[in-house]
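> Chains as they are written, first to last, in this note's numbering: chain A, 591 to 791; chain B, 9 to 296. Ideal placement from N, C-alpha and C gives every residue a C-beta, glycine not left out. Because the structure is a prediction, the values reported are computed rather than measured. First, the structure itself, so that you have it in front of you.
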């Protein structure tokens with residue numbers, strides 16, 4: 591196997607250190623295999639499709655895999671779906687293992703994987719759901735307009751999460767949902783400001 | 009000749025160094041001065057996680073993916089029976105003085121453990137509503153919007169045997185509808201809570217046989233004793249149990265110790281009186 595470049599951004603290290611600092615019950619340790627299974631799903635599907643993974647980058651807006659090779663749009667959708675699918679498979683395995691070992695940590699990992707998989711199905715970039723929307727839009731309205739379409743859905747999802755999160759905040763729950771919504775909006779921010787570069791009029 | 013070329017570090021590299029440095033600093037802080045971290049944690053964590061125990065929720069989610077967690081099966085006489093209904097969080101005070109502070113509603117004063125009550129020999133006045141029942145119904149009128157659960161009865165049938173209070177202690181939370189102080193929500197309480205310290209002896213309500221000894225997430229370690237006419241009593245959140253299923257017990261015999269196992273916030277005995285599958289109010293019988 592050729593050497594792949596792995597890139598870790600400063601922002602990611604900051605985020606990781608903040609999470610690690612606040613981590614009490616070791617849930618970062620439970621999250622890691624769930625994320626790994628998810629990405630493995632993407633990677634395997636890419637490799638089966640004949641592509642070569644050239645770079646894996648850890649950024650503030652998540653994990654990104656750069657690949658070399660031609661990927662037909664339909665296959666893109668499958669690759670995007672492979673992540674959550676693998677994540678759910680892992681969740682089942684971890685659930686059974688956790689029950690057998692009676693380990694709360696393993697069960698926690700399973701639960702996190704479930705949430706991660708379903709959250710990724712939301713139609714917003716940089717989530718897998720957003721990538722699927724982008725791919726579908728490409729086949730319908732063309733390459734240029736698909737960026738605009740996914741931008742719109744991403745913004746709607748982000749704003750919906752913020753609003754729902756504010757309702758939950760008001761009902762006495764924490765800010766977790768709001769933060770997730772803001773994260774999505776932030777990840778799409780540079781696209782909203784520089785939309786002219788994407789040919790949106 | 010030797011030329012050393014110094015190049016200006018790229019901005020990306022500077023950022024990486026700063027971030028890595030911060031990470032090392034935070035890790036050192038976490039290890040050397042854990043109290044500093046704890047203070048910050050205590051301020052920020054509730055903001056994000058308020059009222060939702062994410063670890064618990066996600067672990068539960070993971071467990072439920074392959075079957076329900078905590079489904080205990082009580083096996084008697086070779087046929088499996090479902091475990092008793094899981095109660096909602098039993099709120100118990102942390103100490104006996106908090107009990108008195110928490111008593112904002114009518115809670116009857118119950119007699120001490122071991123005080124024996126014998127049933128009346130005659131059934132005169134069986135038509136009259138006993139005083140204790142009337143008082144209880146009076147206290148529940150503020151919850152008249154809520155229907156009485158179908159597996160509950162507010163009757164006070166004669167038990168037909170002598171019985172005693174199962175533990176020495178104050179009731180902290182009575183049978184029936186009550187306002188859950190923390191959640192500010194109305195919930196039905198299917199038994200009576202006796203505030204007591206861990207280790208306090210739990211006595212059998214009356215003569216009978218041990219129907220079941222079990223453990224689940226709600227009741228913790230529990231005992232069910234069957235008395236005459238199929239009347240059963242349940243003793244929940246025990247720290248220890250000193251009898252086994254099938255044992256014969258006499259009224260007042262110690263069967264276990266008070267604890268805080270299960271879904272509770274403090275040590276107490278959760279006591280239920282069940283007749284033919286219906287929950288009755290134990291306080292009707294145990295008033296001093």
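Please classify residue 713 of chain A: is it buried, with 16 or more other beta-carbons within 10 angstroms of its beta-carbon, or exposed?
When all chains shown are included, residue 713 of chain A counts as buried.
> Around the Cβ of residue 671 of chain A, are there at least 16 other Cβ atoms within 10 angstroms (buried) or fewer (exposed)?
Label assigned to residue 671 of chain A: buried.
> Once you ignore the five residues that flank residue 286 of chain B on each side, which residues in its own chain have a CB closer than 7 Å to its CB?
So the qualifying residues of the chain are 159, 160, 161.
> Which residues, in order along the stretch 753-768 of chain A, keep a beta-carbon less than 7 Å from a beta-carbon of chain B?
Under the 7 Å Cβ criterion, the stretch 753-768 of chain A contributes 762, 763, 764, 765, 766.
> By Cβ distance below 7 Å, which residues in the same chain neighbour residue 239 of chain B in space, the five residues on each side in sequence not counted?
Answer for residue 239 of chain B: 167, 283, listed in chain order.
> List the residues of chain A whose Cβ lies closer than 8 Å to the Cβ of residue 30 of chain B, in chain order.
Residues of chain A passing the Cβ test: 603, 604, 607.
> Have a look at A:740, A:719, A:726, A:621 and flag the residue whose alpha-carbon is nearest the alpha-carbon of residue 696 of chain A.
Out of A:740, A:719, A:726, A:621, A:621 has the C-alpha closest to the C-alpha of residue 696 of chain A.
> On the DSSP letters alone, give me the boundaries of the alpha helix (DSSP H) that residue 52 of chain B sits inside.
It spans 42-57 - the alpha helix (DSSP H) in which residue 52 of chain B sits, taken as one unbroken run.
> Using the Cα positions of residue 656 of chain A and residue 642 of chain A, report the straight-line distance between them to the nearest angstrom.
Cα to Cα, residue 656 of chain A sits roughly 9 Å from residue 642 of chain A.
> Helix, strand or coil: how does DSSP classify residue 734 of chain A here?
Of the three classes helix, strand and coil, the one that applies to residue 734 of chain A here is helix, per DSSP.
> Quick check: the Cα distance between residue 23 of chain B and residue 599 of chain A, rounded to an integer number of angstroms?
Each residue's Cα considered, the two are about 9 Å apart.
> Is DSSP giving residue 18 of chain B helix, strand or coil here?
Three-state DSSP puts residue 18 of chain B in coil, outside helix and strand.
> Hey, does residue 700 of chain A have any beta-carbon neighbour from chain B nearer than 8 Å?
Yes, because at least one Cβ of chain B sits closer than 8 Å to the Cβ of residue 700 of chain A.
> For residue 213 of chain B versus residue 171 of chain B, is the C-beta distance shorter than 8 Å?
Contact: yes.
> Of all the residues that make up the stretch 654-667 of chain A, which are near chain B by a beta-carbon distance shorter than 9 Å?
The residues in question: there are none.
> Can you tell me whether DSSP reads residue 655 of chain A as helix, strand or coil?
Three-state result, residue 655 of chain A: strand.
> Can you say whether residue 175 of chain B is buried or exposed, counting buried as having 16 or more other CB atoms within 10 angstroms of its CB?
Buried, since its Cβ has 16 or more Cβ neighbours within 10 Å.
> Quick check on the DSSP output: the alpha helix (DSSP H) that includes residue 213 of chain B runs from which residue to which?
Neither: residue 213 of chain B is in no alpha helix (DSSP H) and is coded neither H nor E.
> Identify which residue in B:242, B:46, B:246, B:215 has its Cα closest to the Cα of residue 288 of chain B.
For the residues B:242, B:46, B:246, B:215, the minimum Cα distance to residue 288 of chain B belongs to B:242.
> Just how far apart, CA to CA, sit residue 261 of chain B and residue 280 of chain B?
Rounded to the nearest angstrom, the two C-alpha atoms are 17 Å apart.
> Report the neighbours of residue 776 of chain A on chain B: residues whose CB is nearer than 9 Å to its CB, in chain order.
Going along chain B, no residue has its Cβ under 9 Å from residue 776 of chain A, so there is no contact; the nearest lies around 17 Å.
> By the criterion of Cβ-Cβ separation under 7 Å, what are the contact partners of residue 748 of chain A in chain B?
What residue 748 of chain A touches in chain B: nothing, since even the nearest Cβ is about 18 Å away.
> Whose C-alpha, out of A:606, A:743, A:625, A:702, is nearest the C-alpha of residue 35 of chain B?
Out of A:606, A:743, A:625, A:702, A:606 has the C-alpha closest to the C-alpha of residue 35 of chain B.
> Starting from the beta carbon of residue 694 of chain A, find every residue of chain B whose beta carbon is closer than 7 Å, and list them in chain order.
Chain B residues near residue 694 of chain A: 67.
> Identify the continuous alpha helix (DSSP H) that holds residue 646 of chain A and give its terminal residues.
Premise fails: residue 646 of chain A lies in the beta strand (DSSP E), 642-649, not in any alpha helix (DSSP H).
> According to DSSP, is residue 760 of chain A helix, strand or coil?
Three-state result, residue 760 of chain A: helix.
> Could you tell me if residue 757 of chain A is buried or exposed, where buried requires 16 or more neighbouring beta carbons within 10 angstroms of its beta carbon?
Exposed, by the Cβ-count rule.
> What residue ranges within the stretch 251-279 of chain B form continuous beta strand (DSSP E) runs of no fewer than 3 residues, ordered along the chain?
Runs of the beta strand (DSSP E) inside the stretch 251-279 of chain B: 262-266.
> Count the other CB atoms, across all protein chains shown, that sit within 10 Å of the CB of residue 130 of chain B; report buried if there are 16 or more and exposed otherwise.
Legend: pLDDT at residue 130 of chain B = 43, less than 50; position of this residue unreliable, no value from coordinates given.
> Tell whether a beta-carbon distance below 8 Å holds between residue 688 of chain A and residue 75 of chain B.
No.
> Can you pull the chain A neighbours of residue 52 of chain B, defined as C-beta to C-beta under 9 Å?
The answer, in chain order, is 612.
> Work out the CA separation of residue 612 of chain A and residue 49 of chain B for me, nearest whole Å.
Answer to the nearest angstrom: the Cα atoms are 6 Å apart.
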